[in-house]
Amino acid sequence: MYSKYIYIFIMIAVIGLIRILPVTLIRKKIENRFIRSFLYYVPYVTLAVMTFPAIMEATNSPIAGAVALVLGIIAAWFGLGLFPVSIICCVVVFLLEFFI
Amino acid sequence: MDKKQAYLNGLRDGIPIGLGYFAVAFSLGIIAKKAGLNAVEGFFASALSAASAGEYALLSSMIAHATFLETALISVIANIRYLLMTTALSQRFSEKTPLYHRIFIAFYTTDEIFGAMIARPGAVIPQYAYGLVTIAVPLWGFGCSAGIIAGNVLPVRAVSALSVALYGMFLAIIVPPAKRERPVLVGVCAGFLLSFLLSRLPAVKELSSGTRTIILTILISAALAVFAPVPKEDPGPSESGSDRKSRP
């Protein structure tokens, strides 16, 4: 119970600092090319790592999760936004789990 | 533009953002329930962090009983893109914008709010940002609460379906740049593949998912930064968000 709040506090503090430090400290542009490149790639890589294989473990049937992943990628590839892609993934799992 | 009008415009543009947030936060609430949060705790954890991937990383850490250090590290990794965004944002304030406005807006710089602010020409008007925040952030919090409460009541199959909404959103973030840019595509594919391997191979499969995320993110991103550095003349930070306003 006690540690639950420590976890949440750590997250809020870290996220808050990450967001606030640049606007208070960094007034110039970051020049180091490696750091800029590294920071540029981090968000995409980290989301990819967190999505798979976790999506297969989130659903009752791993197959439904895998199909949702593939169809979600296709939907996003053809330019659908956040909301439609999420809905497609949900609907796919909902329908597939009638059969699996 | 006068401040009141800017605020009203912000409210208007915040509605679609907020509706999307509600749906995704609902699926986050289902996980939050597993991590032992009640509806009130879920609301505040969400409304004070306003970060989907970051919150997901936190909840995974809690479920896995990760150490506090590990939780702090994974929070840095999962949220480091905000460092890019608010760095870009720091260039977009008018010189007259007081520090407290800068800090508050930076605190609520989510992917979508950043996109909406940057999509408008000229300096960021604080009141416009506050309009966006007024609608979007509470809906994010209530969505999480609703997921914690109703995740319990919904049939198992519906919960299973809703729990992939979050991953759908992650896909909507990573796929479009992967389609445009070869290095991002390589990074995403490597992330999928190595993350799968590390979760299955003997010896390393005992690593917690948080540690796995940290290690792989650092290794793959560093490799990409060495072999495919971003162009020198590009306005580095702003490209991570300014051109994809409709996506988080």
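So the protein sequences, as listed, match chains W and X. So the number in our numbering is just where the residue sits in the first sequence, counting from 1, plus 1. So the number in our numbering is just where the residue sits in the second sequence, counting from 1, plus 223. Where a beta carbon is used, it is the ideal one built from N, C-alpha and C, also for glycine. The structure displayed is predicted, hence computed values, not measured ones.
Shown here for residue 260 (chain X): same chain residues with a beta carbon closer than 7 Å to its own, the five before and five after excluded, namely 268 and 371 in chain order.
Looking at X:383, X:439, X:443 and X:394, the one whose alpha-carbon comes closest to that of residue 58 (chain W) is X:383. Around the beta carbon of residue 321 (chain X), fewer than 16 other beta carbons lie within 10 angstroms, which makes this residue exposed.
Linking residue 25 (chain W) to residue 71 (chain W) through their CA atoms gives a straight-line distance of about 41 Å. With respect to residue 20 (chain W), residue 305 (chain X) sits close: the two C-beta atoms are nearer than 8 Å. At a cut-off of 8 Å between beta-carbon atoms, residue 63 (chain W) makes no contact with chain X. In this structure the region 402-420 of chain X does not lie against the region 89-97 of chain W, because fewer than three pairs of beta carbons, one per stretch, are closer than 8 Å. For residue 100 (chain W), not one C-beta of chain X is nearer than 8 Å to its own C-beta. The three-state secondary structure of residue 441 (chain X), taken from DSSP, is helix. Straight-line measurement puts the Cα of residue 14 (chain W) at about 16 Å from the Cα of residue 266 (chain X). In terms of Cα proximity to residue 433 (chain X), the closest of X:353, X:297 and X:345 is X:297. With fewer than 16 other beta carbons inside 10 angstroms of its own, residue 36 (chain W) counts as exposed. Looking from the CA of residue 334 (chain X), the closest CA among X:275, X:413, X:235 and X:426 belongs to X:275.
Within the region 265-308 of chain X, complete alpha helix (DSSP H) segments of at least 4 residues are found at 275-286, given in chain order. Sequence-distant partners of residue 56 (chain W) (beyond 5 residues in either direction) whose C-beta falls short of 7 Å from its own C-beta, in its chain, are 66, 69 and 70. Interface annotation, residue 392 (chain X): in contact with chain W, CB-CB separation under 8 Å.
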